[in-house]
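Have a look at the structure below, then the notes.
Protein chains in written order, with full-length UniProt numbering: chain X, 1 to 379; chain Z, 1 to 379.
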């Protein structure tokens, strides 16, 4: 069976065929004389696809509303959700084309890798959210570790700056050396400030973004959607039950009609009318059950679209939040390197001023023993 | 006693006074009739300082070469070195004025703080040199400690960069995160390079500058100068011995002469001539001993000047070497901060490229479960 080409829509229908719209907005075609129904747009009889006859067991024509054509399935159910069969449907358009939106790609359940259970598409989306929260937590942990490293480094630099090595160097050289040692304490300060800002501006936001309520919210979504699926299951069961009851009633009517025709039994026309009434009632019951099922499915559908779009939004927010805070990390790092460099300025200045002659003067003034030079002894 | 003012040199000497130059280049004045000698330039008799008489015990005029005027000291010895007395000398000019040179200020010994021993001025200079070597060593130690701190920091950063925290983050955010983690390994590299250069360009030169030979050289100087001082001591002793011998001879001559005059004994003129000869000989001996002493002192003097100037030069060299290498330290630090900053560039680039939409596409492509949307069930 060949799906219609898009241009076929412009070709007029062959004589006797009419076009109708199904509940979910799909076109179907009915042969007004034979009552044949088909999804495919009929062409000229010569090219027309093989018509599908509807009939009951005794050959009487039977009217069956499309898209469900008795004997040829147009849809199937998987885990109690009703999907169109590929050949039976015109191409579905994405709800949000080009956006790779969550609401377009997670309708089906998938088999667990182990193969025993299935996981709903929505579950997959939820897991993604929870994993995102985990990522955020691990990133915060990473920053915490960086903070510890910085504090250790600062502590070591600070300790070293206080050790009195070469403390006895005096003069301009001594000053430059003392400032060099002090610069390590300044560096330590810089790194402590860095670690402090890392904590308040990166780690803490990453840790506290969304907090514990997030998991609760996700659980709520999870339960809500799962409940809607459960409803679908029970309503599907009702449909199957009604369908069976209808089949039973129809069979009963058929048998009774046959018996009347061949005057097999003493069944009166009254019995047949009763059987026919029960059959009609069973048909109405089935229609009601299918309606309830479709309502439940629509409800689930709506909630899926709404909630998956919310999860999509939350994920965008998460990515942007992380991006922002990682940028803050690099900003703090740059700052730190600049401040660190600036601790060298006083050192360089004093090194510039180192003056051996001046240092000699200072030292000699303090340590000279005597400037009177010896003279010859005389007799 | 007032030292002469500089202008006094232009005033002609009073009658009978002559000006002579001593061995070490100092002027002294002799009264040609009285044979008085003085350091101070005589003025007109009215303002002339009290002349200094030379005489022996019996009043006979005695010629004593200045600056040593028997009975009134013009110089004194301290620890066997002969120094001019302050009032007896025209102002000594510094050998290297305005330079605070070692060769000008370390002539005298100084008392040990404890007060029991003395330390020569040269010793003080030597100790300064050895202390300088110690300073250099301690600075190298300080750099070594910095190196250890850097290596620890690098090791910690490197380890952290490898911990798979948030490794499951994918897409553009995952890339940026991976690069951020990698940047810690890059930072570790930068700090390792820093520590490596610290070792080769700062620590090592500070440690090896002058090496072990330096202490040996200092010891050599120490012993050499000390030996010259010892020579001075022994030659001073010889002078004292000769001086005493002369005094004895002179006394003996005096006694014998007196005895002849009062015909106290049967001493002949022969005896007196002998006594006079011995006296003269003793005088010659004394002169010779004084000469030898002065030679030894001159030798010590020259070595003091030469060696102390060498120590001065070495100290200038030391200060300049340290200044140069501490500048190298600050250069390496600046470099390091710059390289450290540059490790952020790829991180910032990738953070810039973080794209939630792209990441959604990548994730959805991989994890989608199905894009067929459910349809209504039909009867």
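Quick reminder that beta carbons are idealized off the backbone N, C-alpha and C, glycines included.
Presumed contact (8 Å Cβ cut-off) between residue i and residue j, rounded CB distance
i	j	result
residue 175 of chain X	residue 350 of chain X	5 Å
residue 232 of chain X	residue 103 of chain X	That pair is no contact at about 18 Å.
residue 279 of chain X	residue 258 of chain X	About 14 Å separates the two Cβ atoms, so there is no contact after all.
residue 246 of chain X	residue 286 of chain X	5 Å
residue 207 of chain X	residue 184 of chain X	No, residue 207 of chain X and residue 184 of chain X are not in contact; Cβ-Cβ is about 32 Å, not under 8 Å.
residue 85 of chain X	residue 305 of chain X	Between residue 305 of chain X and residue 85 of chain X the Cβ distance is about 22 Å, and since that is not below 8 Å, they are no contact.
residue 117 of chain X	residue 376 of chain Z	At roughly 28 Å, the Cβ-Cβ gap does not stay under 8 Å, so residue 117 of chain X and residue 376 of chain Z are not in contact.
residue 276 of chain Z	residue 253 of chain Z	6 Å
Residue i versus the options, residue with shortest Cα-Cα distance
i	options	result
residue 180 of chain Z	Z:327, Z:297, Z:162	Z:162
residue 394 of chain Z	Z:108, Z:318, Z:170, Z:95	The requested residue 394 of chain Z does not occur in the structure, where chain Z is confined to residues 1 to 379.
residue 173 of chain X	Z:86, Z:323, Z:228, Z:218	Z:323
residue 227 of chain X	X:252, X:123, X:91	X:123
residue 125 of chain X	X:274, X:96, X:272, X:101	X:101
residue 133 of chain X	X:295, X:38, X:239, X:319	X:319
residue 221 of chain Z	Z:374, Z:346, Z:120	Z:120
residue 341 of chain Z	Z:186, Z:168, Z:19	Z:186
residue 290 of chain X	X:178, X:137, X:234, X:114	X:234
residue 91 of chain Z	Z:39, Z:362, Z:230, Z:328	Z:39
residue 140 of chain X	X:321, X:298, X:336	X:321
residue 317 of chain Z	Z:27, Z:151, Z:136, Z:37	Z:136
residue 312 of chain Z	Z:15, Z:106, Z:182, Z:294	Z:106
residue 188 of chain X	X:97, X:157, X:28	X:157
residue 182 of chain Z	Z:213, Z:165, Z:240, Z:352	Z:165
residue 348 of chain Z	X:213, X:229, X:329, X:200	X:329
residue 284 of chain Z	Z:152, Z:263, Z:239	Z:239
residue 87 of chain Z	Z:260, Z:74, Z:110, Z:97	Z:74
residue 362 of chain X	X:171, X:154, X:268	X:171
residue 195 of chain X	X:153, X:212, X:214, X:225	X:153
Alpha-carbon to alpha-carbon, residue j and residue i
i	j	result
residue 112 of chain X	residue 131 of chain X	18 Å
residue 300 of chain Z	residue 77 of chain Z	15 Å
residue 378 of chain X	residue 371 of chain X	21 Å
residue 303 of chain X	residue 331 of chain X	42 Å
residue 339 of chain Z	residue 192 of chain Z	12 Å
residue 248 of chain Z	residue 93 of chain Z	40 Å
residue 146 of chain Z	residue 358 of chain X	30 Å
residue 69 of chain X	residue 364 of chain Z	Because the pLDDT of residue 69 of chain X is 38, which lies under 50, any placement of that residue in the model is unreliable, and the question is left without a value.
residue 314 of chain Z	residue 218 of chain Z	11 Å
residue 143 of chain X	residue 190 of chain X	17 Å
residue 17 of chain X	residue 272 of chain X	34 Å
residue 210 of chain X	residue 355 of chain Z	21 Å
residue 334 of chain Z	residue 148 of chain X	24 Å
residue 242 of chain X	residue 282 of chain X	7 Å
residue 42 of chain X	residue 13 of chain X	7 Å
residue 368 of chain Z	residue 128 of chain X	12 Å
residue 167 of chain Z	residue 178 of chain Z	7 Å
residue 138 of chain Z	residue 337 of chain Z	25 Å
residue 388 of chain X	residue 19 of chain X	What the structure shows of chain X is the stretch from 1 to 379, and residue 388 of chain X is not part of that stretch, so it cannot be assessed.
residue 346 of chain Z	residue 27 of chain X	55 Å
residue 298 of chain Z	residue 292 of chain Z	10 Å
residue 360 of chain X	residue 150 of chain X	41 Å
residue 29 of chain Z	residue 296 of chain Z	26 Å
residue 204 of chain Z	residue 198 of chain Z	8 Å
residue 169 of chain X	residue 216 of chain Z	23 Å
residue 229 of chain Z	residue 115 of chain Z	21 Å
The alpha helix (DSSP H) enclosing residue i, as first and last residue numbers
i	result
residue 294 of chain X	269-342
residue 214 of chain X	213-261
residue 181 of chain X	171-198
residue 204 of chain Z	204-208
Run of the beta strand (DSSP E) containing residue i, from where it starts to where it stops
i	result
residue 385 of chain Z	Lying before the first or after the last residue shown, residue 385 of chain Z is absent from chain Z, which here runs from 1 to 379.
residue 17 of chain X	17-21
residue 375 of chain X	No beta strand (DSSP E) contains residue 375 of chain X, which DSSP labels as neither H nor E.
residue 78 of chain Z	75-78
Length at least 4, wholly inside the segment 92-153 of chain X: the alpha helix (DSSP H) runs in chain order: 102-105
Complete runs of the alpha helix (DSSP H) confined to the segment 340-370 of chain X [at least 4 residues]: 345-352, 356-367
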